[in-house]
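To convert a position in the sequence shown, counted from 1, into the working numbering, add 3. Even for Gly, the Cβ is constructed at its ideal location relative to N, Cα and C. From a predicted model like this one, the values you see are computed outputs, not experimental measurements.
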Amino acid sequence: MKTAQNVDMVVVGAGFAGLRALHTLRERGLSVAVLEAGGGVGGVWYWNRYPGCRCDVESYDYSYAFSEALEQEWRWSERYAAQPEILRYAEHVVERFDLARDIHLHQRVVSASHDDGGWTVTTESADTWRARFVVMAVGQLSAPKAPDIPGLDAFAGEMYHGARFPHEAVTFAGKRVGIIGTGSTGMQMTPVVAEEAGHVAVFQRTPNFSIPACNAPISDDEDAAVKATYRERRQAAQNSPSGLGFMPTKQSALDATPAEREATFERAWTTFGFGFTLAYYDLILDQAANDLAADFIRAKIREKVEDPLLAEKLMPRGFPYGTKRPSVDCGYFEAFNRDNVSLVDIREHPIVEAVPQGIVTADSQLHALDVIVFATGFDVFTGSLLAPTITGRDGQTLREKWSQGPQTYLGLGVHGFPNLFILAGPGSPSLLSNVLLSIEQHVDWLADLLGYMHAGRIASVEPTLEAEREWVAHVKARADGTLYPKAISYYNGDDVPGKPRVFMPYVGGVRGYRRLLEECVAGGYAGWAMQPTATAKAA
Ligand SMILES: Cc1cc2nc3c(=O)[nH]c(=O)nc-3n(C[C@H](O)[C@H](O)[C@H](O)COP(=O)(O)OP(=O)(O)OC[C@H]3O[C@@H](n4cnc5c(N)ncnc54)[C@H](O)[C@@H]3O)c2cc1C
Numbered sequence: 004m005k006t007a008q009n010v011d012m013v014v015v016g017a018g019f020a021g022l023r024a025l026h027t028l029r030e031r032g033l034s035v036a037v038l039e040a041g042g043g044v045g046g047v048w049y050w051n052r053y054p055g056c057r058c059d060v061e062s063y064d065y066s067y068a069f070s071e072a073l074e075q076e077w078r079w080s081e082r083y084a085a086q087p088e089i090l091r092y093a094e095h096v097v098e099r100f101d102l103a104r105d106i107h108l109h110q111r112v113v114s115a116s117h118d119d120g121g122w123t124v125t126t127e128s129a130d131t132w133r134a135r136f137v138v139m140a141v142g143q144l145s146a147p148k149a150p151d152i153p154g155l156d157a158f159a160g161e162m163y164h165g166a167r168f169p170h171e172a173v174t175f176a177g178k179r180v181g182i183i184g185t186g187s188t189g190m191q192m193t194p195v196v197a198e199e200a201g202h203v204a205v206f207q208r209t210p211n212f213s214i215p216a217c218n219a220p221i222s223d224d225e226d227a228a229v230k231a232t233y234r235e236r237r238q239a240a241q242n243s244p245s246g247l248g249f250m251p252t253k254q255s256a257l258d259a260t261p262a263e264r265e266a267t268f269e270r271a272w273t274t275f276g277f278g279f280t281l282a283y284y285d286l287i288l289d290q291a292a293n294d295l296a297a298d299f300i301r302a303k304i305r306e307k308v309e310d311p312l313l314a315e316k317l318m319p320r321g322f323p324y325g326t327k328r329p330s331v332d333c334g335y336f337e338a339f340n341r342d343n344v345s346l347v348d349i350r351e352h353p354i355v356e357a358v359p360q361g362i363v364t365a366d367s368q369l370h371a372l373d374v375i376v377f378a379t380g381f382d383v384f385t386g387s388l389l390a391p392t393i394t395g396r397d398g399q400t401l402r403e404k405w406s407q408g409p410q411t412y413l414g415l416g417v418h419g420f421p422n423l424f425i426l427a428g429p430g431s432p433s434l435l436s437n438v439l440l441s442i443e444q445h446v447d448w449l450a451d452l453l454g455y456m457h458a459g460r461i462a463s464v465e466p467t468l469e470a471e472r473e474w475v476a477h478v479k480a481r482a483d484g485t486l487y488p489k490a491i492s493y494y495n496g497d498d499v500p501g502k503p504r505v506f507m508p509y510v511g512g513v514r515g516y517r518r519l520l521e522e523c524v525a526g527g528y529a530g531w532a533m534q535p536t537a538t539a540k541a542a
């Protein structure tokens, strides 16, 4: 058995959340070890190397706000940076803030157990850490789902998963490529692969809404203009519902005249990207308002796709716009006008099996393929949180505790799991927001809590059961006031069979959520039970 290493805090994961936690909490005087399963830093940007992968929140906003010097030095090349550039940024942050010395790569955490002395964290290679605090920075989209297609072992060609794409260049030149899945990954990948491949067959079960990225290079003048007012931009992001810097129109979509609505949607279409849902405040609240937005987007698809029958098949229907995470694309629908791109509607004719030559669908068609790329998504929100065995105060595991869905207080802590914190996970704005902003919001709040504990000689903290129950009920009540529960979506836990159907992120927005975090602090960390240190008890 290897000797345990002692630190104040173990952070699990070296994505943007883990890196920010390391930097900030180490600066506050804690010894921190970051344990990362992968062979590099950057989280999703390390793993998702598929062609076309890029952010869907603008680069200037999808970046750290904690260092003005970093903001000023870093030069984004495009409005929506591509994966290699975002990964370079994460690596630059590691170097610039001397983070590497506390990051341990190839260290997948398999268990974390609490006892009176703190936490014991064990990795796949049987390395052990003892720590007072554990921070789960394991991400929301970090547990890829294995494709569920019989006969895949028999397939004679190449197979890739978007979230485990090889580091080496993959060539599609002249090949027949099947892309399975039309969420963000499939939509980003299709036009780029089509440029190179002999033929691309897109296997679609559920068409999704997508807003054009209107991506473009950033000129020196634009860069200078953003950097001259970056603080204001950050403040606007922090004070906006989604962390994107703009507010929804106060008017109802139903009260606008058709001409006004068209103009508003048109402006949102070319500038808002992921934030199109904010074109009117009630798009996610009112089905009739939502229908207007959905009709607008379907009309756009009709305009973009030359073949009307194909356009019809690509149009999302049956769920409100925005209630499944919409994509932000660069030429997805237009790609279907190419001779070398075709659609396979697997709702009409489901996939039966893979055979050595390709994929067979229920209409007995063999779709001959040289390459299959799985864009089949993730076990979202809870996949990576529940993969390790996390055992709390009374021997209860997090898996047991969350068997009916995530139970947290403010998304940050779990009753029965003292001194364990979760960053940007379920119960917080998370994937309903600019996640990088939400990560920083969490880390700053946590740093202040730890400072408070230090000053007050508090040994351990955990949410009260009552506060947790109230928060879970509040998260549900807020979601029930929206259209989100109507969709079959990963927000509701519909991504994995057998997963409890619970709406997971917090719909209250980053601004509203921040107010609740501030209220909690103003109330002396209301809802958190604190245990004094032995010396504080004796005094
Ligand atoms: C392709 C893609 C594009 C995205 N684009 C955007 C965007 O434009 N805007 C936006 O707001 N959000 C976006 N997201 C969401 C994204 O999840 C967040 O923006 C953000 O990167 C999450 O950072 P994180 O550090 O919380 O998690 P991650 O980046 O997922 O990092 C978590 C890390 O934890 C590690 N880990 C997990 N389990 C263990 C374990 N047991 N032991 C050790 N290590 C472990 C993983 O290997 C991973 O490196 C995107 C996600 C994907 C997949």
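Alpha-carbon spacing of residue i relative to residue j, whole angstroms
i: S320; j: P210; result: Here the sequence assigns Arg to residue 320, which means Ser is not the residue at that position. Looking at the two C-alpha atoms, the distance is approximately 8 Å.
i: K303; j: S330; result: 14 Å
i: A462; j: V10; result: 15 Å
i: E403; j: I221; result: 49 Å
i: P508; j: E471; result: 15 Å
i: V138; j: V14; result: 5 Å
i: H26; j: E127; result: 25 Å
i: I393; j: L22; result: 22 Å
i: L413; j: W474; result: 6 Å
i: V347; j: Q407; result: 36 Å
i: C217; j: R237; result: 22 Å
i: Q290; j: R264; result: 16 Å
i: G526; j: G186; result: 42 Å
i: W272; j: A297; result: 12 Å
Residue(s) in a DSSP beta bridge with residue i
i: S330; result: S213
i: H109; result: Answer by DSSP bridge pairing: none, since H109 is not bridged.
i: I425; result: M139
i: N9; result: R133
i: W531; result: P466
i: G361; result: V358 and A371
i: I183; result: F206 and F377
i: Y412; result: G416
i: S345; result: A204
i: D118; result: G121
i: A36; result: V13
Member of the options whose CA lies at the smallest distance from the CA of residue i
i: A259; options: L295, I152 and G246; result: L295
i: F19; options: E465, H457, D298 and L426; result: L426
i: E356; options: S492, I152 and V138; result: I152
i: G42; options: A204, G459 and H170; result: H170
i: K5; options: V205, Y455, D130 and V195; result: D130
i: P54; options: P194, A539 and Y412; result: P194
i: V44; options: E76, T126 and G142; result: G142
i: S367; options: R23, E351 and A200; result: E351
i: L33; options: L449, A216 and M533; result: L449
i: A17; options: I442, G189, L257 and I354; result: I442
i: R111; options: I183, H117, R305 and V37; result: V37
i: I375; options: G184, W122 and V60; result: G184
i: Q534; options: L519, A292 and P466; result: P466
i: K148; options: A490, W122, H445 and D497; result: D497
i: C58; options: F69, A72 and W79; result: W79
i: Y233; options: R82, A7, D64 and F175; result: D64
Neighbourhood of residue i by C-beta, 7 Å cutoff - its chain only, sequence neighbours within 5 removed
i: L144; result: V47, F381 and V383
i: A146; result: F381, D382, G386, S387 and A390
i: T252; result: T267, A282, Y283 and Y284
i: A197; result: V203, A338, R341, N343 and V344
i: Q399; result: G419
i: M192; result: Y53, P54, G55, G165, I182, V376 and A378
i: S213; result: M190, P329, S330, V331, D332 and Y335
i: P429; result: F384, T385, P409, T411, G414, M507 and P508
i: Y516; result: S431, P432 and Y509
Minimum Cβ-Cβ distance from residue i to chain C less than 8 Å
i: D497; result: The structure shown has no chain C; it contains just one protein chain.
Cβ-based neighbour list, residue i, same chain, cut-off 8 Å, excluding 5 preceding and 5 following
i: T2; result: Residue 2 lies beyond the residue range present for the chain, which begins at 4 and ends at 542; the question has no answer from this structure.
i: M250; result: S243, P244 and L281
i: L288; result: G484, T485 and L486
i: P359; result: A157, F158 and A159
Own chain residues within Cβ distance below 6 Å of residue i, not counting five before or after
i: L108; result: E39 and G42
i: Q254; result: none
i: A365; result: H352, P353 and V355
Across the region 299–317 and the region 330–344, are there enough close Cβ pairs to call them in contact, namely three or more that are closer than 8 Å? yes
- Query: Counting pairs of beta carbons, one from the region 481–491 and one from the region 418–434, are three or more of them closer than 8 Å?
  - Reply: no
For the 8 Å Cβ check, are there 3 or more pairs between the region 429–439 and the region 508–519?
yes
Touching by the beta-carbon criterion (3+ pairs, under 8 Å), the region 488–503 and the region 450–458:
no
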